[in-house]
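Participant: Take 0 as the starting number for the sequence shown in numbering that gives the first Met the number 0 and just add one per residue. Every residue gets a Cβ at the ideal spot worked out from N, C-alpha and C, and that includes glycine. None of these values were measured; they are calculated from a predicted model.
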Amino acid sequence: MERQQKLAEALETLVQARIKQQMAEFSALSNPKLGRCFTGRALDFRADINDFKGLLAELEKARRCQES
């Protein structure tokens, strides 16, 4: 159970950091009128995909261990 708690906390930390980064990038837009358009700029929502996959794999492994 302690291992699952640590994994959940790591995932929460990662998500919070990513949200802060995305908000900072969004806030940095020089022209608020472009808020809906983002012409020439794309936010990278897949940057942490490998971290998430690793954490979810560990979580699945822990779940299987609990069931056996």
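#1: Quick one, are the C-beta atoms of residue 61 and residue 10 less than 8 Å apart?
#2: Would you call residue 1 buried or exposed, if buried means 16 or more other Cβ atoms sit within 10 Å of its Cβ?
#3: With residue 50 as the anchor, note down where its alpha helix (DSSP H) starts and where it stops.
#4: Short of 7 Å in beta carbon distance, which residues of its chain neighbour residue 46, apart from the five on each side in sequence? Order them along the chain.
#5: When the Cα atoms are used, what is the spatial distance from residue 56 to residue 12?
Facilitator: Judging by the given coordinates:
#1: Within the sequence shown, residue 61 is the residue found at index 62, counting from 1. Within the sequence shown, residue 10 is the residue found at index 11, counting from 1. The answer is no: Cβ separation not under 8 Å.
#2: By one-based count along the sequence shown, residue 1 stands at place 2. When all chains shown are included, residue 1 counts as exposed.
#3: Stepping through the sequence shown from its first residue, residue 50 is reached at position 51. Segment 48-66, the alpha helix (DSSP H) holding residue 50.
#4: Reading the sequence shown from its first residue, position 47 is the one you call residue 46. Taken in chain order, the list of residues that qualify is empty.
#5: Walking along the sequence shown from the start, residue 56 turns up at place 57. Walking along the sequence shown from the start, residue 12 turns up at place 13. Each residue's alpha carbon lies about 17 Å from the other.
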